[in-house]
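A.B. asks:
In the numbering used here, the protein residues as written are 284 to 654.
#1: Is the beta carbon of residue 488 closer than 8 Å to that of residue 532?
#2: Have a look at 576, 564, 633, 333 and flag the residue whose alpha-carbon is nearest the alpha-carbon of residue 639.
#3: With burial defined as no fewer than 16 other Cβ atoms inside 10 Å of the residue's Cβ, what is the status of residue 315: buried or exposed?
#4: Please report whether the beta-carbon of residue 487 lies at a distance below 8 Å from any beta-carbon of chain C.
#5: Between 302, 373, 384, 562, which lies nearest to residue 512 when the distance is taken from Cα to Cα?
#6: Identify every run of the beta strand (DSSP E) within the region 288–362, keeping only runs that are complete inside it and at least 3 residues long; order them along the chain.
#7: Grouping DSSP H, G and I as helix and E and B as strand, with all else coil, what is residue 551?
#8: Give the straight-line distance between the Cα atoms of residue 621 and residue 375, rounded to the nearest whole angstrom.
#9: Taking its Cβ as the centre, do 16 or more other Cβ atoms sit within 10 Å of residue 648, making it buried, or is it exposed?
#10: For the candidate residues 439, 381, 613, whose alpha-carbon lies nearest to that of residue 424?
#11: Does the beta-carbon of residue 560 have 16 or more other beta-carbons within 10 angstroms, so that it is buried, or is it exposed?
#12: Leaving aside the five residues before and after residue 609 along the sequence, list all residues of the same chain whose C-beta is less than 7 Å from its C-beta, in chain order.
#13: Using the C-alpha atoms, what's the distance from residue 484 back to residue 403?
#14: Taking residue 589 as part of the alpha helix (DSSP H), name the residues at either end of that continuous run.
#15: Quick one: what's residue 638 bridged to in DSSP?
#16: Across the region 387–398 and the region 453–472, are there enough close Cβ pairs to call them in contact, namely three or more that are closer than 8 Å?
#17: So for residue 438, helix, strand or coil by DSSP?
#18: In chain order, what residues of the same chain lie with their CB nearer than 8 Å to the CB of residue 579, ignoring the 5 residues before and after it?
#19: Give me, in chain order, the residues of the same chain whose beta-carbon lies closer than 6 Å to that of residue 494; leave out the 5 immediate sequence neighbours on both sides.
#20: Ends of the alpha helix (DSSP H) at residue 396?
#21: To the nearest angstrom, how far is it from the Cα of residue 406 to the Cα of residue 427?
#22: Hey, how far is the Cα of residue 545 from the Cα of residue 626?
#23: Where does residue 374 sit, in a helix, a strand or coil, going by DSSP?
#24: First and last residue of the alpha helix (DSSP H) that includes residue 523?
#25: Could you say which of 387, 313, 345, 322 lies nearest to residue 547 if we only look at CA atoms?
#26: Which first and last residues belong to the alpha helix (DSSP H) in which residue 568 is found?
#27: Please classify residue 335: is it buried, with 16 or more other beta-carbons within 10 angstroms of its beta-carbon, or exposed?
#28: Give the secondary structure of residue 409 by DSSP, where H, G and I count as helix, E and B as strand, and everything else as coil.
#29: Return the CA-CA distance between residue 654 and residue 412, expressed in angstroms with no decimal places.
#30: Alpha carbon to alpha carbon, how far is residue 416 from residue 616? Give it in angstroms, no decimals.
#31: Which residue wins for smallest C-alpha separation from residue 305, given the options 634, 312, 318?
#32: Let me check understanding here. Comparing Cα to Cα, which of 582, 541, 604 lies closest to residue 373?
#33: Comparing C-alpha positions only, which one of 506, 470, 324, 612 sits nearest to residue 529?
#34: Would the beta-carbon of residue 451 fall within 8 Å of that of residue 471?
#35: Quick one: does the C-beta of residue 323 sit closer than 7 Å to a heavy atom of the ligand SAM?
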């Protein structure tokens, strides 16, 4: 059996070789001509899987190692009896780590939140829920908006309340139909009504807010800081918008090595079940071995939080790499290369962190689990 896997999925060859002959492909450039006689296709969100790609091919299993499905034509796949799966929740902890690191990197935002100001969360799925749990464990107030859920769920509130927060985090999938589509869901009036010196963070989908709206926001409310990990028309992006962001990164919020491995295992388990075989252990990167113990300290609560987060993941390193390609002529290609060559990044939950000060033990636990 021939299996095609995206070249940017770590350990994919080692994992899927137990099922057949594995060939790595470029997910962004994949065409029907590349499919050949392959029966299994393992992709990420950069590959549009639809009739144009699969019609007339032998593919009978499609697995995406990412949380979303907006790149999959689910109706076509179901109609043609092609088994389909994805990896919901696999990179949840990674995205939450990204948000926490961004909080630590936005001037005095951490102090403001610890002092009683609020975080607003748009989209209360896997990421939104875990972010809320970790914020609560840190003693930070939050409210969430998700009109698709039972409004009696604790923590849910109105969009007006969420948008009046000091930090607004967008964590929605991309939808274009239904009563509450996320496509261009936030307009300029809604955004410019945010409080003074607020921060708007989007680690969901770039199409949730139009580029022109964000550029107008920068003109009309320069006090509002933008933290953007996702962009309209990726891998292309607006140079003007990227240059105006406080933090700008190339869609890597969920790119931790731990999250990628979790997604890989979820899809591999589905394939094993589909084929009626057992999933066997496989070799992973040596860099995924248990990390060395990191001793963290701080003069106060905020300083300690920053010390812990920076010791594992500093979002400003990703921002620095991204700004290095903003003025490149082939910035779309460079965008993909940043993702392809992304350094191994561990999650806070998988890191060995300790402190000599007992008073910080609760904060350490909150940062690593939040449960």
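By construction, the Cβ of each residue, glycine as well, lies at the ideal position given by its N, Cα and C atoms.
Bear in mind the structure is a predicted one, so any value in this text is a computation, not a measurement.
C.D. replies: For this structure:
#1: Your numbering for residue 532 matches position 249 in the chain shown. Your numbering for residue 488 matches position 205 in the chain shown. In this structure, residue 488 does not lie closer than 8 Å to residue 532 by Cβ.
#2: Position 356 of the chain shown, counted from the first residue, corresponds to residue 639. Nearest in C-alpha terms to residue 639, of all of 576, 564, 633, 333, is 576.
#3: As a working mapping, residue 315 is identified with position 32 in the chain shown. With fewer than 16 other Cβ atoms within 10 Å, it is exposed.
#4: Any reference to chain C falls outside this structure, which holds one protein chain only.
#5: Sequence index remark: in the chain shown, residue 512 carries index 229 (1-based). The shortest Cα separation from residue 512 among 302, 373, 384, 562 belongs to 384.
#6: 304–308, 323–326, 344–347
#7: Here the question's residue 551 lines up with position 268 in the chain shown. Here residue 551 sits in helix by DSSP.
#8: Translated into the one-based positions of the chain shown, residue 621 becomes position 338. Translated into the one-based positions of the chain shown, residue 375 becomes position 92. Computed Cα separation, rounded: 21 Å.
#9: By 1-based counting over the chain shown, the position of residue 648 is 365. So residue 648 ends up on the exposed side.
#10: If you number the chain shown from 1, residue 424 lands on position 141. Minimum Cα distance to residue 424 is reached at 439.
#11: Your numbering for residue 560 matches position 277 in the chain shown. Exposed: under 16 other Cβ atoms inside 10 Å.
#12: The count along the chain shown starts at 1 and reaches residue 609 at position 326. Result list for residue 609: 522, 525, 526, in chain order.
#13: Numbered from its first residue, the chain shown carries residue 403 at position 120. Numbered from its first residue, the chain shown carries residue 484 at position 201. Roughly 10 Å separates the two Cα atoms.
#14: Start at 1 with the first residue of the chain shown, and residue 589 comes out as number 306. Run containing residue 589: 584–595, per the alpha helix (DSSP H) assignment.
#15: Sequence index remark: in the chain shown, residue 638 carries index 355 (1-based). Note: residue 638 sits in a beta bridge opposite 579.
#16: no
#17: Along the chain shown, one-based indexing puts residue 438 at 155. Coil at residue 438, not helix or strand.
#18: Taking the first residue of the chain shown as position 1, residue 579 is located at position 296. Excluding residues within five positions, the ones whose Cβ falls inside 8 Å are 587, 590, 591, 594, 636, 637, 638, 643, 647.
#19: As a position in the chain shown, residue 494 is number 211, starting the count at 1. Around residue 494: 515, 521, 524.
#20: Locating residue 396 in the chain shown gives position 113, where the first residue counts as 1. Note, residue 396: alpha helix (DSSP H), 392–397.
#21: One-based indexing of the chain shown puts residue 406 at position 123. One-based indexing of the chain shown puts residue 427 at position 144. Computed Cα separation, rounded: 7 Å.
#22: Locating residue 545 in the chain shown gives position 262, where the first residue counts as 1. Locating residue 626 in the chain shown gives position 343, where the first residue counts as 1. Using only the alpha carbons, I get a separation of about 17 Å.
#23: Counting from 1 along the chain shown, the entry for residue 374 is found at position 91. Residue 374: coil per DSSP, three-state reduction.
#24: Looking up residue 523 in the chain shown gives position 240. Element bounds for residue 523: 522–527.
#25: Residue mapping note: residue 547 aligns to position 264 of the chain shown, counting from 1. It is 345 whose Cα lies nearest to the Cα of residue 547.
#26: As a first step, residue 568 is located in the chain shown; it is residue number 285 there, counting from the start. For residue 568, there is no enclosing alpha helix (DSSP H), as DSSP marks it with neither H nor E.
#27: In the chain shown, the residue the question calls residue 335 occupies position 52. Counting Cβ neighbours within 10 Å, residue 335 comes out exposed, since fewer than 16 surround it.
#28: Counting from 1 along the chain shown, the entry for residue 409 is found at position 126. Residue state, collapsed to three classes: helix.
#29: In the chain shown, the residue the question calls residue 654 occupies position 371. In the chain shown, the residue the question calls residue 412 occupies position 129. Confidence at residue 654 is low in this model, with a pLDDT of 46, below 50, so its placement is unreliable and no value can be given for it.
#30: One-based indexing of the chain shown puts residue 616 at position 333. One-based indexing of the chain shown puts residue 416 at position 133. When rounded, the distance between both Cα atoms is 37 Å.
#31: Here residue 305 refers to the residue found at position 22 when the chain shown is read from its first residue. The residue with the shortest Cα to Cα distance from residue 305 is 318.
#32: On the chain shown, residue 373 is found 90 positions in, with the first residue counted as 1. Among 582, 541, 604, the Cα nearest to that of residue 373 belongs to 541.
#33: In the chain shown, residue 529 corresponds to position 246, counting from 1. If we check each option's Cα against that of residue 529, 506 comes out closest.
#34: Position 168 of the chain shown, counted from the first residue, corresponds to residue 451. Position 188 of the chain shown, counted from the first residue, corresponds to residue 471. Contact flag unset, no.
#35: Ligands are entirely absent from the displayed structure, and the ligand SAM is therefore not among its contents.
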